[in-house]
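**Student:** Chains as they are written, first to last, in the numbering used here: chain A, 1407 to 1505; chain H, 120 to 767; chain C, 648 to 1170; chain W, 241 to 511.
This structure is in C-alpha cells; I'll ask about it shortly.
Structure below.
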C-alpha cells in the first residue's frame, strides 16, 4: 500500500474538523475541532516526510504541536474567562464584538 | 503734447477716487474738489484743442500709448488714447458742459448730506465718458462705455431710499447691459474678422472683409448704440432715469452719455459705409425713435419726462443722420453738440423750476412762473427756441441740415426718412411749446396745491414730496445755478450759427468722418421753408390747446394714443409681461427643477445604494461561525483555483 | 540641490496647522494669531516662488523629485508652470483674508468649555486645507496629486459640518441637520468623483508604467507612448469626472449651493475660491496634457455642459432667496465660463480661463466675505430680511456693490478681462456658443443688481436700522481685495506674462492653433 | 520496526491502517457530533492516539511519543479540565440557530474534502523514498540535529511563544481581588437587606428512599422545589426530580398502612 493513503486520511480528518468548527456552538468543542484539523495537518506532514525521505516534515509537525499547545492554553483561558463573564461557552453569544 | 491726453481722464478719475474713498472728512470740501478737477480736465481739453488748431488739417490726430493692457496670443488690447477732431469735439462738450453742471450741482445739491458722494459719482462719470471718446480701440471704449453705465446707475439711484429710484437705476443698467451685449459681440466679431479691434487697423482693412460680417458687426454696434442712446427698442430706461437728480438728467441723460451711441456709429463710419444694410437699419431706428420720443414727449405731464422724451427724439435725429453715412455724420455730431447745449440748458432750467417749487415735477401744478424766476424763464425760453429750430438759433442750423440730408438719401427711403424728420420737427415744436406754456405762462396753478395728483405712473416722485409744504413759494435759484444756465443759453443761441455759417464744423470734422454732399431731390430752401411752416403749425396747435384754454390741474383722460404715450407707448408693459413675468416663472421653475430633478437623481442613486448596503449588511451578523463559513468557502475556492491552474 | 522652496511653501502651513491645533484651549487668541502669522509667512514664500519663477523659462520650474514608493514608481515630484504659480499665489493670498474674516466664527458659544477647543480646530483645518491645495498645485506626480485631491476633502468636511453660521434662519437643531446634510453631500459627491479618478489613475499606471506627469506627457508628445483610442477616452472620462464634480460642472453642481449656504462665509470662500480651483486647474494640467486626443474628442459635449452651467447657474441665482446660495449659483455660472475657456482650446480661452480662476477667486472672496459680515450683523441669510442697509452702513454697502460689480465683471475690474478673453476665445472657434455665453453677462447683471437693490436700497428695515458699519478688521479684509481687483483690472500684465507661456505649452499639447482672422484667412 | 517504516510498506501496516483509519474517522465524526463536550473530548483523544500510532508507523517515532504524551496526555486533559470547569454533562443542543449555517457548512466541507482528495489524487506520488536513510542515525538524533542547527531560530522563537502563552493564560484567567472578602455577618445582613430567603436553604432529598443531593425536595403540594438543590447542579441541569411513580407508590404505601390499621381495627371489633 502507498503512504499516500495517509494523505487521504489527513484530508478527511481535516475536512471533518473544519466542518465541526462550523457547526458546533460550544467553544470548547470548536477548539477540539481545531485541534483535530491541526492533527490532520501533522499527519500529512509526517506522511510527506516519509514520502520525501527527510525529517523536515516531522520538524514542522513538531513545531505545529508546540504552537498548538500554546494556542490551546491561551484559547482555553479565554473560554474560561468568557464563561465566567456570561455563564456560557457558546460562540454565538459572543456575537457583539464585545464582552 | 499728446502726453496730456491721459490727464484728461486722470483728473476726474483722481477726483472720483479721492471723493469716494476720502470719507466724511471731505464732506466740507468735496464738491469744490470735484468741480476743480472737472475744470482742470476742461482746461487741458482747451489746451489740446488749441494745439490741434495749430496743426494742419491732416495731422490733427494725437496718440498716446500708455501700456499694453491684455496681450494674449493674437489678442492685443492696449491702454492707448487717440485724440482727433471727433474726440476733441466730444472732449470739449463733455468737460465743458460737465464743469458747468458741477457748478450747478453745488447749489442744487446743497442740502443733501451725501453731496460729496454725488460729486464723486459725477467725476467718475466724466472720467468714464472721456475714456469712452478717447480710447483708440473698441475694448477700451467698452470700458468707458460700461463705466458711464455704472456712473449713470449710481446717479440715477442716488436717492436710494426711494424704491422707484433704485428700480429705475437697476432698469437702466440692465437695459444698457443688453446693449453692451451687442458691443461685446461686435468686438468679438471684429477680432475674428480682422484679428484686432483697434480703430485704425479695423477701419482701414474694412475693405478686405466680407459684407456679411460687416453687416453683422454693424448691427451689433447698432444694438449697443440703441442701449446707450435710448433708441427703440431699448429706450424704456430713459424715462425712468429721470428719477435721478436733475443735474444728472442734464449731464448724462441729455448732453453726453446718451449721445455715446451716435459717437460709436460715427466713429465706426467707415465700417457702416461698407455695410448698407446695417446703415439702413440705423436710419430706420433713428427715424422710428425720433417719432416715438416726440409722441411720448407730448403726453407727459412730468416736466423732466417730457424733456426726456424730447431727448430721445433728438438723439433719434442724430442716429438717423449718422445712419445716412458720409452725408450725415458731420450733421449728426453738430446736432449732438448743439443739442448738448440747449438740452442741458433746458434740464437745468427744469431743475431750477423744481428747486423753486419744492421738487414738484408735475407741469399741471406750474404755470405763470415767468414772473417769479425770470432768469430761468429767459434761459429756458432760449433753449426752447433753439430746440424747436427757431431760425438763427443753433437748433435751426443742425436740425435743418439733418432733414436735408435725410431727403438727400434719395429714393423712397429718402422721402420716408425726410418726411419722418419733418413730422418730428413739427411734433417737437408742439410739445416744447406745451412745456413752455404750461410752465411759465397761464394761471398760477400752484397757488391752491391741494388737489391730488393725476394717477400717472410717472408721478411718484412728485407724490413723495407733495404735502410737505401746502403751497410752494417759487423763487429764483442761487447764482451757482443760474450762471451755468446762462452760459448754456449762450451756447444754445450762438453755437449753431458759429458752426453752421461757413461750414466751420464741417471742415473741422471732415478729415475724420469724411463728407459728401447729398443730392437732395428738394432744394435746401424748400426744406427750410417746410420746416418753418410745420414748426409754426405745431407751436400753434400747442398754443391753442394750452395757451388759450386753462390747463386742468388733473390730466384729462385723453385719447387712446395719449394714454398709451403716457405709458411710454406700452413699452414697459410689454417688457413687464414678456420679460419680467416670463423670467420670474422660468427661474422659479428652474429652482424647482434643480431641487427635485437634478438633485433628486443623485440623491436617488445614493438612496438605492443605501438600500443595497442595507441588504449586504445582513451578512455581517457578528456570528463568528458564519464568518468562518465564508473563510472556509474562500479557502475552498483558492484550492480549486490552484488546482485549476495546475490542471491548465 | 537648492532650497526646496515648493516643499517649504506647502510644509509651512501644514506645520502651522499642527502647531495651531496644539495650542491649549484657553489661549484662543494666540491660536488665531499663530494661524494668521503662518498664513502670512506662507504668502511671503509664495511671493518668493513668484519671484523665482521665470515666465520665459522651462515649462516646469523649481522642480523637486524624490523617490517615494519605488514599487509603483510613485515619486514625490514637484514643479510649477505659470498656471500653477498663479493659482498658488492666489491661494496663499486668500488664506490670510479667510482667517481674518473668520476671526470670530469659531469662538465657542459657551466660554467655560475648557476641553472643547473649536477655535484651534477651525484655524488648524483652514491651514491644513491651504497646505494640501498648494501642494496639489505643485504636484507633478499623478499619484501624489490624487492623494492630495482626496485628502483635502477631510478638513473641508469638518469645516463645513462643524462650523456653521452663528446666525441662522430656523432653529439650531434644524441648522445643524442641514449643515451635516450639506457636509455629507459635499463629501459623497467628491468621494465618488475621487474613486472614479482612482480607477483612472490606476489605469493610467497600467498603460504608462509610471505616474510622472512630465514623463508621460513627454512620451505622449513624442509618440513613444501611444494609447488605444478607447483606453484614452475612458481614462480621460475618469479624470474629468472627478474634476467636473469638484469644479462643479452642471449637472454635478448640486452639492455646492448646500455647502456654501450652510458653511460660514470664510469657509464658503475656501470652497469656491480655493478648493474648487483645483478641479479646473487639474483639467488644464492633467486632462489636456495626458489625453489630448480624448480632450479634443470630448470638447463638444463639455462645451455644451459648460454653457448650460453658465446660463443655468445664472438663472438659478436670480431665483434664490438666500444670499449665500445666490453667490453659490453665481459661482456655478462662473465655473461654467472657466471650463468653457479651457476647452475652447484657444490661447485666449485658456489664458482667460486661468485669469478667470484667479479673478473669480478674488471677486467671490470679496463679495462672499462682505455678505458674511452682513449676515453676521443681522443674523439671517434671507435677502428678504434686509433693505436700506446702504443708508445705515454705506461702506459695507459700497464694498458689497464693488464685489457685486466684479461678479458681473464690470470693465475696469479684473474679472472683466478674464471673462472677455474666455468669450473671445470661445467665439473664435464656436461663434454660436460664444454668443449664447455672452448672454450670461446680462443675467449676471440681473442677479447682482437685484441682490443689491433688495438688500441695500429702499426704505430702511427696522431690524437693520441699528446695523453697525464695517469694523477695522473687516475693512482690512475687504479693502486689499478690492484694490487688487481694480489693479488687476487695469494692469493684468504681470499675470498674463506668467500665464501665457504655460498656455502656449498646453495648446501645443493638444495640437491646436488659434484660428486665423477671416481677413488673413482670405488672403 | 525500523524496516517497517523503510522503503516499502508491509501488508501488516496496510491492515493496521485500514482498521485504525476507520476508527480515526469515526472518532473524528463523533467528536463533532456528540452532544456532550466530555464525549467529544474523549473521542478526540482516541483519534489522537490512533494518529500517534500512524506516526510511529511512518517512522516518526519521536512525534508518535510526543503525540501521546503532549496531546493526549496534556492538551486533552487540559480540555477535560476546562470542560469540568464549565460543566461536565452540560449538553449543548445540536439545533442550529443561524439560518442555513449547517447546509453551507456541509456544502463547504464536502466541497473542500472532494477538492483536497482530488488534488492528492491527481498528484503523482507513486514512488516514495522511505524514512530509512533519514532515520539511519536514529530518529530523535536526526530531529535534534535539525532542530538545533537548521531550525534553531524557529525553535527559540517557539520557546518564547510558549512562555508568552503561559503568561497570557495567567493574565487572562487570574482575577485580582479588588475588595476584601465579605464576612459571614455582612453576608447575612446583606441577605436581610435584600429581603432574599433569609433562613438557610431547605435540604434536598427529604425522603428515606432517596436522600441524594440532586433530588429536589417536595413542596407540600408535592411539586419539586428548585431551591433545595445545589446551585452548580442546577446550572448544569442535573436535577433529578422526584419521579411521579415515586409519588404514586408513596400514596400506595400510605393507602396500605391505612388499610392495615383499619383491618386491625375490625379484628379488634370481631373479637
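Every residue, glycine too, gets a C-beta built ideally from N, C-alpha and C.
Do residue 208/H and residue 456/H have their C-beta atoms closer together than 8 Å?
**Tutor:** On the second chain, position 89 is the one that residue 208/H refers to. On the second chain, position 337 is the one that residue 456/H refers to. Yes, the pair counts as a contact, with Cβ atoms nearer than the cut-off.
**Student:** How is residue 856/C classed by DSSP in three states: helix, strand or coil?
**Tutor:** Stepping through the third chain from its first residue, residue 856/C is reached at position 209. In this structure, residue 856/C counts as coil in the three-state DSSP scheme.
**Student:** For the putative contact between residue 929/C and residue 918/C, defined by C-beta atoms under 8 Å, what is the C-beta separation to the nearest angstrom?
**Tutor:** To locate residue 929/C, count along the third chain from 1; it is residue 282. To locate residue 918/C, count along the third chain from 1; it is residue 271. In fact, because the Cβ distance is near 16 Å, the residues do not count as touching under 8 Å.
**Student:** So the alpha helix (DSSP H) residue 761/H belongs to, where does it begin and stop?
**Tutor:** The residue labelled residue 761/H in the question sits at position 642 within the second chain. Where residue 761/H is concerned, the enclosing alpha helix (DSSP H) stretches over 743-766.
**Student:** May I ask you to list the residues that DSSP assigns as paired with residue 708/C?
**Tutor:** As a working mapping, residue 708/C is identified with position 61 in the third chain. In the DSSP output, where bridge partners are listed per residue, residue 708/C has 727/C.
**Student:** Looking only at its own chain, which residues have a Cβ that is under 8 Å from the Cβ of residue 652/C, when we skip the five neighbours before and after it?
**Tutor:** Indexing the third chain from 1 puts residue 652/C at position 5. The answer, listed in chain order, is 692, 695, 696, 699, 709.
**Student:** Can you tell me whether residue 594/H is buried or exposed? The criterion is at least 16 other CB atoms within 10 Å of its CB, across all chains shown.
**Tutor:** Walking along the second chain from the start, residue 594/H turns up at place 475. Residue 594/H comes out exposed.
**Student:** On the three-state DSSP scale, how would you describe residue 837/C?
**Tutor:** Translated into the one-based positions of the third chain, residue 837/C becomes position 190. Looking at residue 837/C - three-state DSSP - the assignment turns out to be helix.
**Student:** Per DSSP, what kind of secondary structure is residue 338/W in: helix, strand or coil?
**Tutor:** Counting from 1 along the fourth chain, the entry for residue 338/W is found at position 98. Coil, per DSSP.
**Student:** Residue 261/H versus chain D: which residues are under 9 Å apart at the beta carbon?
**Tutor:** No chain D is part of this structure, whose protein chains are labelled A, H, C and W.
**Student:** For residue 1496/A, which residues does DSSP report across the bridge?
**Tutor:** Residue 1496/A sits at position 90 when you count from the first residue of the first chain. Partner(s): 1432/A.
**Student:** Using a Cβ-Cβ distance cut-off of 8 Å, determine whether residue 362/W contacts chain A.
**Tutor:** By one-based count along the fourth chain, residue 362/W stands at place 122. No, residue 362/W does not count as interfacial toward chain A.
**Student:** Is residue 283/W close to chain H, meaning its C-beta is less than 8 Å from at least one C-beta of that chain?
**Tutor:** The residue given as residue 283/W occupies position 43 in the fourth chain. No - not a single Cβ of chain H is within 8 Å of the one on residue 283/W.
**Student:** Would you tell me roughly how many angstroms separate the C-alpha atoms of residue 662/H and residue 232/H, rounded to the nearest one?
**Tutor:** Taking the first residue of the second chain as position 1, residue 662/H is located at position 543. Taking the first residue of the second chain as position 1, residue 232/H is located at position 113. C-alpha separation (whole angstroms): 42 Å.
**Student:** Could you say which of 429/H, 271/H, 276/H, 388/H lies nearest to residue 514/H if we only look at CA atoms?
**Tutor:** If you number the second chain from 1, residue 514/H lands on position 395. Nearest option by C-alpha distance: 429/H.
**Student:** Can you grab the Cα-Cα spacing for the pair residue 1451/A / residue 1464/A, in whole Å?
**Tutor:** Walking along the first chain from the start, residue 1451/A turns up at place 45. Walking along the first chain from the start, residue 1464/A turns up at place 58. Taking the straight line joining both Cα atoms gives about 6 Å.
**Student:** Roughly how many angstroms lie between the CA atoms of residue 1109/C and residue 683/H, to the nearest whole one?
**Tutor:** The residue you call residue 1109/C lines up with position 462 of the third chain. The residue you call residue 683/H lines up with position 564 of the second chain. Spanning the two alpha carbons is a distance of roughly 39 Å.
**Student:** Look up residue 443/H in the DSSP assignment and say whether it is helix, strand or coil.
**Tutor:** By one-based count along the second chain, residue 443/H stands at place 324. Coil, per DSSP.
**Student:** For a contact defined as C-beta to C-beta under 8 Å, what are the partners of residue 402/W on chain A?
**Tutor:** Locating residue 402/W in the fourth chain gives position 162, counting from the first residue. Chain A residues near residue 402/W: 1472, 1475, 1476.
**Student:** What residues from the region 332-352 of chain H come within 7 Å of chain C, judged by C-beta to C-beta, listed N to C?
**Tutor:** Taking 7 Å as the Cβ-Cβ cut-off against chain C, the residues of the region 332-352 of chain H that qualify are 332.
**Student:** How long is the line joining the alpha carbons of residue 1461/A and residue 376/W, rounded to whole angstroms?
**Tutor:** In the first chain, counting from the first residue as 1, residue 1461/A sits at position 55. In the fourth chain, counting from the first residue as 1, residue 376/W sits at position 136. Taking the straight line from one Cα to the other gives about 11 Å.
**Student:** If you reduce the DSSP assignment to three classes, tell me which class residue 593/C lands in.
**Tutor:** There is no way to answer for residue 593/C, as the model of chain C reaches only from 648 to 1170.
**Student:** Taking the alpha-carbon of residue 484/H as reference, which of 559/H, 499/H, 454/H has the nearest alpha-carbon?
**Tutor:** Residue numbering aside, residue 484/H sits at position 365 when the second chain is read from its first letter. Minimum Cα distance to residue 484/H is reached at 559/H.
**Student:** Report the partner residues of residue 465/W according to the DSSP bridge assignment.
**Tutor:** As a working mapping, residue 465/W is identified with position 225 in the fourth chain. Note: residue 465/W sits in a beta bridge opposite 457/W.
**Student:** Kindly indicate the opening and closing residues of the beta strand (DSSP E) around residue 195/H.
**Tutor:** Residue numbering aside, residue 195/H sits at position 76 when the second chain is read from its first letter. Unbroken beta strand (DSSP E) run through residue 195/H: 194-202.
**Student:** From residue 948/C to residue 843/C, what distance separates their C-alpha atoms?
**Tutor:** On the third chain, position 301 is the one that residue 948/C refers to. On the third chain, position 196 is the one that residue 843/C refers to. Whole-angstrom Cα-Cα distance: 19 Å.
**Student:** Please go through the same chain and pick out, in chain order, the residues whose beta-carbon is closer than 8 Å to the beta-carbon of residue 1157/C, but skip the five residues on each side of it.
**Tutor:** Reading the third chain from its first residue, position 510 is the one you call residue 1157/C. So the list reads 935, 939, 942, 943, 992, once near-sequence residues are dropped.
**Student:** What residue range does the beta strand (DSSP E) around residue 183/H cover?
**Tutor:** Counted from its first residue, the second chain places residue 183/H at position 64. That run of the beta strand (DSSP E) goes 181-191.
**Student:** Suppose contacts are defined by Cβ-Cβ distances below 8 Å. Is residue 1410/A in contact with residue 405/W by that definition?
**Tutor:** Working through the first chain from its first residue, we reach residue 1410/A at position 4. Working through the fourth chain from its first residue, we reach residue 405/W at position 165. Going by C-beta atoms, residue 1410/A is not nearer than 8 Å to residue 405/W.
**Student:** Could you check which residue in 1475/A, 1470/A, 1486/A has the C-alpha nearest to that of residue 394/W?
**Tutor:** For this step, residue 394/W is matched to residue 154 along the fourth chain. Of 1475/A, 1470/A, 1486/A, the residue nearest in Cα terms is 1470/A.
**Student:** Report the rounded CA-to-CA distance for residue 1142/C versus residue 534/H, giving the unit in angstroms.
**Tutor:** In the third chain, residue 1142/C corresponds to position 495, counting from 1. In the second chain, residue 534/H corresponds to position 415, counting from 1. Spanning the two alpha carbons is a distance of roughly 56 Å.
**Student:** If the cut is a Cβ gap below 7 Å, which residues of chain A does residue 342/W touch?
**Tutor:** Position 102 of the fourth chain, counted from the start, is the residue given in the question as residue 342/W. Under the 7 Å cutoff, chain A gives 1429.
**Student:** Applying the criterion that 16 or more other CB atoms from any shown protein chain within 10 Å of the CB defines a buried residue, is residue 802/H buried or exposed?
**Tutor:** The question about residue 802/H has no answer, for chain H in this structure spans 120 to 767.
**Student:** Please tell me whether residue 1161/C has its Cβ less than 8 Å away from any Cβ of chain H.
**Tutor:** Your numbering for residue 1161/C matches position 514 in the third chain. Output row for residue 1161/C: interface = yes.
**Student:** What residues in the region 740-761 of chain H bring their beta carbon closer than 8 Å to a beta carbon of chain A?
**Tutor:** Listed in sequence order: 740, 741, 742, 743, 744, 747, 748, 751.
**Student:** Could you give the C-beta distance for residue 1218/C and residue 921/C, rounded to a whole number, given that I count them as a contact under 8 Å?
**Tutor:** Not covered by the structure: residue 1218/C. The range shown for chain C is 648 to 1170.
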